[in-house]
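The structure appears below as structure tokens.
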Amino acid sequence: MSYGRFLLKRVLQGILVVWGVITVVFLLRFITPGSPVDFVAPQDASQELRQRIAAELGLNEPLYVQYVDYLVGLLNGDMGYSYIFGQEASAIVFGKLPATVELAVAATVVAVVLSIPLGVVSATRRHQPADYGATTFSLLGISTPNFWLGIMLLLVLAVQIDLFPVGRRGIAFSTAFWMLFEGNVSGMQTWLAHITLPALTLGTYFTALITRLTRSGMLDELGKSYVQAARAKGIPETLVRYRHALRNTLIPVITVVGLQLGTLIGGAVITEQVFNWPGLGQQVISAVNNRDWPVLQGSLIVIGTGFVLVNIVVDSLYAYLDPRVIE
Amino acid sequence: MTGESVDRRSFLKLAGGAAATAALAGCTGDDGGNGSGGDGNGTGGGGNQSTGGDQGTELPEPETREEYLQRANLLLHDQAPWIFLNRQYSVYGKSNRIEWEARRDERIDAYEIVPQEGTGVRITQSQMDSGLDPHDHRETTTDNIVLQSYEGLLGRDADGNIVEVLADGYERVEDGTVRFTIRQGVTFHSGEELTPADVAFSINRIVDDEVGGLVSPQSDQLSGVTGAEVVDGERAVDVSSDGINPIVFSLFASYCDIVQQSWIEENEGPFINSNMNGTGPFQLDSYEQDVSVSYTRYEDYWREPAPAETLEITAAGESSTRVNQLLGGETDIIVNVPPQDAGRVQENGNTELSPVPSTRVIYNAMVYNAEPFDSVEFRQAMNYAIDLPSIIENILAGFADPTGQPTLEGFVGYNSDVGPYESDPERAQQLVEDSGYAGAEITLHTPVGRYLGDLEIAQAVAGQIDELPNVSASVRQREFGTLAEELLDGDISTGPSFYLIGWGNATFDASQTIIPLLTTDGALTSYSNEEVDGLIDQAQSMAGEGAGSGDESGGTTEGGNSSGNSSN
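Listed below in structure tokens is the structure:
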């Protein structure tokens, strides 16, 4: 199978999955109690008014008509109108997306920057204090609940020591970036100050996971015959480790990093709540509490689609790095 | 004092919706009758004597509206349709950089905040607004944002007393019609002057679906109001009601923000939901939906400009985050400090707690026609079985007041002779035997995280009832939205027969608690008793008495001020 056919197959599979997500999310509304009219109409609304509102919302149509309308709307970028905000749901959802992506990417960067050196050090200094330190950190990182870690970081580093602000986004990365482009560093300083603790919190589990993966991958690679051959040829140990063993170790690591990025986009709910980060996670909680179905459906579809997209990219990258997976 | 009789069913229906106002804090639903019938344990007569419980207080024959409401409260205490729990407190945290006194109606009026350092003030709520259209929301959190820029005809002071705002006079012209005189020299933030036409338009936009391009979810907040029109040749507006509408001034003191007619008509909904053009002390500077709202002081405000030059309102859903922001000096006021964090706020040298009794009552409803709650003895037994002071002390850290009637102290119709039930497990056990329901198994449904300590309170109540040898009690946790829908679907038989819920009543009038919750046709009723219905009928057919603020005609006004609304 050619790389192009492989890619096409993955994209078609992705479209099917997204369609499934849309269908499930659409049907969820009909198996939960209550009518959207209850959230739009005044409490003393007459039956006539309620029927008028139901007609305006398209709720009097048969289910399949509503479904087709919804699909057609989505294809045109129309997710409906928020019951609560009276604005286009797509504007609300896509307005929140950058904050979540920003946080997920920052957490991923933190994780990659910390975990790969830790994993390598742990593997190359096996059974030494550095290895024990790294494995202990990994165990703690995987075991510590996000919400607890976030609150502790806030208490110690923001309230007691006053090194960081207590939550909130402060400034968008794009704004900070353009300010930096114009020679003003204060925007980037503000962005860094606000994102550090949430990114550490969200990235800790991920860091621990990648550390363990890198360590075991490196140990595996270092025991292989091509490494022994490289050493026998007199190649310096640093080159053996970082040019040969680490490169091979990174293939599965990249896969996990990509998949975790997708998870982080949908899984930042708790971190966003603790740090008051105005992203999709907070929006989902708010929409659930308010039964704001258009926003909730839109958020879930965007999260699901994001996950599928990341998967396709990772699969493509993996196939590029290791063509054997295509066969 | 006499008054025009109104059709009871139609009035109760209207008023039932009205109280649903802030009430369940965001839940919505159908207003509908719950069938009639009546408590099979009626007390037999609306006499002056308490028929149950410990009170047994003699009262004179009711003569005024307030006395009828007081009588209803006494009767309800005795009939025990609820396990009477507590008045919830609003517990704020505030920094020492500002001077500010918390209000009882859960509103934060930034005009009253005086910065001691700097010129700006920041407030952190539990959630942001649901859009800035002042007529298109129902939540206190949105009120706290839009009411910095918008104002009503009347308002309330920190203790709940009615004060004039954009109206500088108000009077009852005749039964069914009241007149507001509109203040001179008031301008919108757009620079244009406030006119009576703007006021009439604002009222009609709320009560009439055809006006202002909006089906306002606030129409039931102005229950009974049918429309408004400018008085020819005068700077005044006449407001018409369906019937005498005894609490009309109370409603206008709590609701109905005034907008500029031309601004609304010239702009689309999304623009109105993301901009503000009111007459209030702060004008919108910037708005980031669901993130923050920034204001600057309106220098041409009709009163003295606000002490604070800038204001920012943000939100943090997580209570520990709000507390940390306050302790970290990043905000000046936070809402809903949880009991477990009260000590941290109190002990920090730069912050302090500011608890204030709210207008919300927390109770356990017992549906009157479901076994075993169809027995008044059983319902009373449930009240005697619990140790309310211990619940308030241990779960709510003392930030609550015990109740023994539906109406809170300071409200019109509060009966000061009626106290909470005292804990008496032996008497409870005997009453259960008398009820014929010994061995009953009951389940208390409760939302989780909706009200301060709701689950913990429910667990304590069920635990204490379960200690009775002849009753078994357990708790079932419920998602608030689902529970609220069951309670508001207009069919009393579809919901649980025993549930914990909270009810906010910003009108400071007993009727707006009793009508929706405890009369036969109430929107959220769990009780039916002809005697209670009759007392409320009588009260609602009478205008209140007392010196209403600004009642320049000397005529009769409703009782919003007559109680004095003494604070707890």
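Note that the protein sequences, when read in sequence, are chains A and B.
According to the numbering used here, the first sequence is numbered sequentially starting from 18.
According to the numbering used here, the second sequence is numbered sequentially starting from 2.
Where is the CB? At the ideal position from N, CA and C, for every residue including glycine.
According to the neighbour-count rule (16 or more other Cβ atoms, all chains shown, within 10 Å of its Cβ), is Gly344/B buried or exposed?
-> exposed
Between the Cα of Tyr422/B and those of Gln381/B, Ala73/B, Arg298/B, spot the shortest distance and give me the residue it belongs to.
-> Gln381/B
Nearest candidate by alpha-carbon position, reference Thr447/B, set Ser436/B, Gln460/B, Ala441/B, Asp435/B = Gln460/B
Hey, is the segment 284-294 of chain A in contact with the segment 161-174 of chain A, meaning 3+ C-beta pairs nearer than 8 Å?
-> yes
Which residues does DSSP pair with Trp83/B in a beta bridge?
-> Ala366/B
State yes or no: is the beta carbon of Ile302/A nearer than 8 Å to at least one beta carbon in chain B?
-> yes
Minimum C-alpha distance to Phe190/A - residue among Gly323/A, Val122/A, Trp310/A, Pro311/A = Val122/A
Looking only at C-alpha atoms, which of Asp522/B, Gly491/B, Asp425/B, Phe412/B sits nearest to Gln71/B?
-> Phe412/B
Alpha carbon of Ala333/B to alpha carbon of Arg98/B, nearest angstrom = Looking at the sequence shown, residue 333/B is not Ala but Asp. C-alpha separation (whole angstroms): 7 Å.
Name the residue from Glu410/B, Val208/B, Gln431/B, Leu501/B whose alpha carbon lies nearest to the alpha carbon of Phe509/B.
-> Glu410/B
Within-8 Å CB hit, Leu334/A to chain B | no
Please say whether Ala103/B and Ser295/B have beta carbons closer to each other than 8 Å?
-> no
Starting from Gly214/B, find everything on chain A with Cβ-Cβ shorter than 8 Å and list it in chain order.
-> Going along chain A, no residue has its Cβ under 8 Å from Gly214/B, so there is no contact; the nearest lies around 11 Å.
Can you tell me which of the three DSSP states Gln290/B falls into?
-> coil
Can you give me the Cβ contacts of Ile387/B inside the same chain, cut-off strictly under 6 Å, excluding the 5 residues immediately before and after it?
-> Val462, Gln465
Which residues in the same chain as Gln300/A place their Cβ atom closer than 8 Å to its Cβ, once the five residues preceding and following it in sequence are excluded?
-> Ile109, Val110, Lys113, Val312, Ser316
Going straight from the alpha carbon of Glu487/B to that of Ala366/B, what length do you get?
-> 14 Å
Mind pulling the chain B residues with CB within less than 7 Å of Arg248/A?
-> Correct list: empty, because the minimum Cβ distance to chain B is about 53 Å.
Neighbour flag for Leu328/B against chain A, beta carbons, 8 Å = yes
Whole-angstrom C-beta distance between Ile183/B and His136/B, which should lie under 8 Å | So it is not a contact: roughly 18 Å between Cβ atoms.
Residue from Asp492/B, Gly399/B, Gly213/B, Pro271/B with nearest C-alpha to Val368/B = Asp492/B
Does DSSP put Ile32/A in a helix, in a strand, or in coil?
-> helix
Per DSSP, what kind of secondary structure is Ser498/B in: helix, strand or coil?
-> coil
Please classify Gln406/B: is it buried, with 16 or more other beta-carbons within 10 angstroms of its beta-carbon, or exposed?
-> buried
Collapsed DSSP secondary structure at Val126/A in the structure displayed = helix
DSSP three-state call for Thr520/B: helix, strand or coil?
-> coil
C-alpha distance - Ile273/B paired with Asp538/B, whole-angstrom precision = 40 Å
Are the segment 161-177 of chain B and the segment 116-127 of chain B in contact at 8 Å, needing three or more beta carbon pairs?
-> no
Whether Ser99/A touches Asp309/A by CB criterion (8 Å) | yes
Candidates Asp418/B, Pro373/B, Ile515/B, of which the one nearest Leu445/B by Cα = Pro373/B
Whose CA, out of Phe181/B, Arg139/B, Gly279/B, Asn530/B, lies closest to the CA of Asp221/B?
-> Arg139/B
Hey, is the segment 253-269 of chain A in contact with the segment 77-96 of chain A, meaning 3+ C-beta pairs nearer than 8 Å?
-> no
Nearest-angstrom Cα distance between Leu214/A and Ala225/A?
-> 16 Å
What do you get for Phe181/B, buried or exposed, if any count of 16 or more other CB atoms within 10 angstroms of its CB means buried?
-> buried
Would Val42/A count as contacting chain B if we go by Cβ distances under 8 Å?
-> no
In DSSP terms, what Gly153/B is bridged to = Asp258/B
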